[in-house]
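Student: Take a look at the following structure, please.
Structure follows, in structure tokens:
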């Protein structure tokens, strides 16, 4: 500690102790945490690719296992960083005449944190939780009936209309012409999943959807970020733009990439392109 007689251990020999080296090492450890975070992003992306291409379950399980291991590494590294910071703060606050053995002090604090570990800890890891949610959503999308000759919702409605008696259809047509809603059925008929593709802010199909962890609604990333920043510049809170949502304080930290929805939109557009050929 600068300005105090101390040593690098518990001896009483004079000298100076500086925490700059330790703090520099902590900075490197935090950089390593960002590497773990990138690894989790990669593992998550691969797992979603496997589900989307319906690759064998064992491969998906390997990615799930990798995510668990990375989450555990992140937890252990977080505990070690906390232990070192706690040891430094202890010495700075207590200002003992003899500097304690920092290595032993860190180990003691680290073990105390590790002893509290449990499986539910992983549920506090945002990357791991997001991975499980995205995997579940994409599986739900993949589980929907494939195109096998059966009519989709639009076809069913068209068939139903086509089977109506001529007079009934003509009457309906007359009603539509009278109230200006001619052609509304075909324009407005979309499945629930397609409706979810539309950003509540831009009212166009999303390209980079992000989900609000608080209320569960999704928006185009650029649009919601711009809205939040605009509100904050005026010292106001950003309300969720989804009609009927009661969430009144949307924050940047609430937003997570909705990879499953992005893939669903891309898949839908590819199928639509094939049908139009």
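Numbering (the numbering used here), first residue to last: 138 to 414.
Using N, Cα and C, we set each Cβ at its ideal position, and we do this for glycine too.
Hey, how far is the Cα of residue 229 from the Cα of residue 244?
Tutor: In a straight line, the C-alpha of residue 229 is about 18 Å away from that of residue 244.
Student: For residue 342, which beta-bridge partners are listed by DSSP?
Tutor: 335, per the DSSP bridge assignment.
Student: Per DSSP, which one or two residues make a beta bridge with residue 347?
Tutor: Partner(s): 356 and 394.
Student: Residues in the same chain with beta-carbon distance under 6 Å from residue 405, minus the five sequence neighbours each way, listed in chain order, please.
Tutor: The answer is none, since no qualifying residue turns up.
Student: Take the Cβ of residue 198 as the centre, count every other Cβ of all protein chains shown within 10 Å, and call the residue buried at 16 or more, exposed below.
Tutor: Flag for residue 198 reads exposed.
Student: Should residue 214 and residue 166 be called a contact, given that it needs their Cβ atoms to be closer than 8 Å?
Tutor: It is a contact, given that the beta carbons lie within the stated cut-off.
Student: Locate the alpha helix (DSSP H) running through residue 375, then write down its first and last residues.
Tutor: Careful: residue 375 lies outside any alpha helix (DSSP H) and carries neither H nor E.
Student: Assuming contact is defined by CB atoms lying nearer than 8 Å, are residue 465 and residue 227 in contact in what I supplied?
Tutor: Only positions 138 to 414 of the chain appear in the structure, and residue 465 is not among them; the question remains open.
Student: Please state whether DSSP places residue 411 in a helix, a strand or coil.
Tutor: Three-state result, residue 411: helix.
Student: Identify whether residue 382 lies in helix, strand or coil by the three-state DSSP scheme.
Tutor: Three-state DSSP puts residue 382 in coil, outside helix and strand.
Student: According to DSSP, is residue 274 helix, strand or coil?
Tutor: DSSP places residue 274 in helix when its eight states are reduced to three.
Student: For residue 345 and residue 408, I'd like the C-alpha separation in whole angstroms.
Tutor: Using only the alpha carbons, I get a separation of about 19 Å.
Student: Less than 8 Å between the beta carbons of residue 333 and residue 377, yes or no?
Tutor: Contact: no.
Student: Of all the options 403, 353 and 171, which has the alpha carbon lying nearest to the alpha carbon of residue 382?
Tutor: When each option's Cα is compared against that of residue 382, the closest is 353.
Student: Look at the alpha carbon of residue 158 and the alpha carbon of residue 360, and state the distance between them as a whole number of angstroms.
Tutor: Cα to Cα, the separation comes out at about 43 Å.
Student: By DSSP, does residue 190 sit in helix, in strand, or in coil?
Tutor: Three-state DSSP puts residue 190 in coil, outside helix and strand.
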